[in-house]
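Residue numbers (my numbering): 11 to 447.
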């Protein structure tokens, strides 16, 4: 319907009434499904990076604490034991989807729902009438700039999600094992204070403000195989690699401690997650090729997240990297930045198609390639060969990257580790072309 209205209504008039249209849909959906969030403890996760992993970790900890949960994320929709993949190409689907999801969670007997909450969803008021009890803020970095108009507007959209907590009077935790007077009363925001925007979230009029920081942990160790750290008397050994995943876990710990989950259940819940699909996922685990190289799939689609993935592997591995960028006018500024980051960290690079939408995919690739790329580390003496290859077919690009990894191990005859890093798509099963194809 929205596409039809765009065609028949003048642009200025359409843009004027569009917010009312989206707000009306949000209210109508909540009304139609009888405001299901009033029957659930709602934990929102917002930020630029780490939302999906944080949501999975919260879900795991709550399940170990004995609660039946629902989970809506970029990755999947889960109610109790039932789940399905998220194939919408959006984290917060519209058209009443979220309210129906929450009603289904209530009907299934869930006590808690964990929701990823995005700026794009907030722009269309999909965060309204959800009544969150807690919100974990992970971090902010420039994203969706074309959509929001500026980074400042992007930050405002994220803050609008947090402001839903300001007028909430719901209890965060109906834990029957504790006395009523011991319940944490009122909503809670859990904030990464190491992030430059963290202070803005702490200044909101929310009753319970819980900061967390990397400095909360000691004995921090991390590599491509996992990470470990200690907080208070709790020692965590996780299969999730990278400092960024330690941040994700610290946010979950801060929330879980506030609502009274035992250290034992926190530890079990965090350590239970061996990987999150499409997030630093090693896809050749227990395959014969594992003895030669690692193949890692990650959703990294911003400069910061791409750099974090590369830094996890760069010091000990020869990196063969496959990456692309999104079209449709989405954050064009990222293209050159991500090309530069790949040039800095990767030994061999294959640029390929990602989600071009209505743009020329070859133009997107050209935008990514640095004007003066470093020569290939595999070039022979006197040869000037770019480390960048362009293969538009994504399957062929991945196959070629694996062949390059095999060739490197065979020709170099060295003990140097090799990693094939495939970024940008995560678990997405298809590529978006023109007109939704």
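Backbone N, C-alpha and C define an ideal beta-carbon position, used for all residues, glycine too.
As the crow flies, the alpha-carbon of residue 134 is around 53 Å from that of residue 420. Beta-bridge analysis with DSSP links residue 221 to 201.
Under the three-state reduction of DSSP, residue 88 is assigned to strand. The residue from 270, 232 and 415 with its alpha-carbon nearest to that of residue 257 is 232.
If you draw a straight line from the Cα of residue 90 to the Cα of residue 416, it is about 42 Å long. DSSP, read as helix, strand or coil, puts residue 28 in helix. The beta strand (DSSP E) runs of length 3 or more contained entirely in the segment 288-316 are, from start to end of the chain, 304-308.
Remark: fewer than three beta-carbon pairs, one from each stretch, lie closer than 8 Å, so the segment 119-130 and the segment 25-44 are not flagged as touching. With fewer than 16 neighbouring CB atoms inside 10 Å of its own CB, residue 230 falls in the exposed class. In chain order, 378, 379 and 380 place their CB closer than 7 Å to the CB of residue 349, counting only its own chain and leaving out the 5 sequence neighbours on each side. Shortest Cα-Cα distance from residue 29 to any of 40, 108, 132 and 49 involves 132. Straight across, the Cα-Cα distance linking residue 205 with residue 149 is about 6 Å. Per DSSP, residue 266 has no beta bridge partner at all. Straight-line spacing of the CA atoms in residue 375 and residue 362 works out to 7 Å. Secondary structure at residue 259: helix, using DSSP grouped into helix, strand and coil. Residue pairing by DSSP places residue 231 opposite 238 in a beta bridge.
Assignment of beta-bridge partners to residue 126 by DSSP yields 55.
DSSP places residue 109 within a helical segment (H, G or I) once states are collapsed to three.
A straight line joining the alpha-carbon of residue 166 with that of residue 207 spans about 11 Å. In the structure shown, residue 246 falls within a strand segment according to DSSP collapsed to helix, strand and coil. Counting along the chain, residue 360 sits inside the beta strand (DSSP E) bounded by residues 358-361.
Rounded to whole angstroms, the gap between the alpha carbons of residue 370 and residue 396 is 23 Å. Residue 284 and residue 222 have their C-alpha atoms some 23 Å from each other. Residue state for residue 95 is assigned as strand, using DSSP reduced to three classes. Between the alpha carbons of residue 412 and residue 440 lies a gap of roughly 20 Å. Burial state of residue 325 is exposed, judged by a 10 Å Cβ sphere holding fewer than 16 other Cβ atoms.
In the displayed model, residue 138 falls within coil according to three-state DSSP, outside both helix and strand. Taking residue 58 as the centre and dropping the five residues before and after it, the same chain places the C-beta of 149, 150, 151, 153 and 312 closer than 7 Å to its C-beta, in chain order. If you draw a straight line from the Cα of residue 84 to the Cα of residue 265, it is about 21 Å long.
For the 8 Å CB-CB criterion, residue 111 and residue 82 form a contact. Taking a 10 Å sphere around the C-beta of residue 211, we find 16 or more other C-beta atoms and assign the residue as buried. Distances from the alpha-carbon of residue 200 to those of 239, 142 and 96 put 142 closest. When DSSP states are grouped into helix, strand and coil, residue 427 belongs to the strand group.
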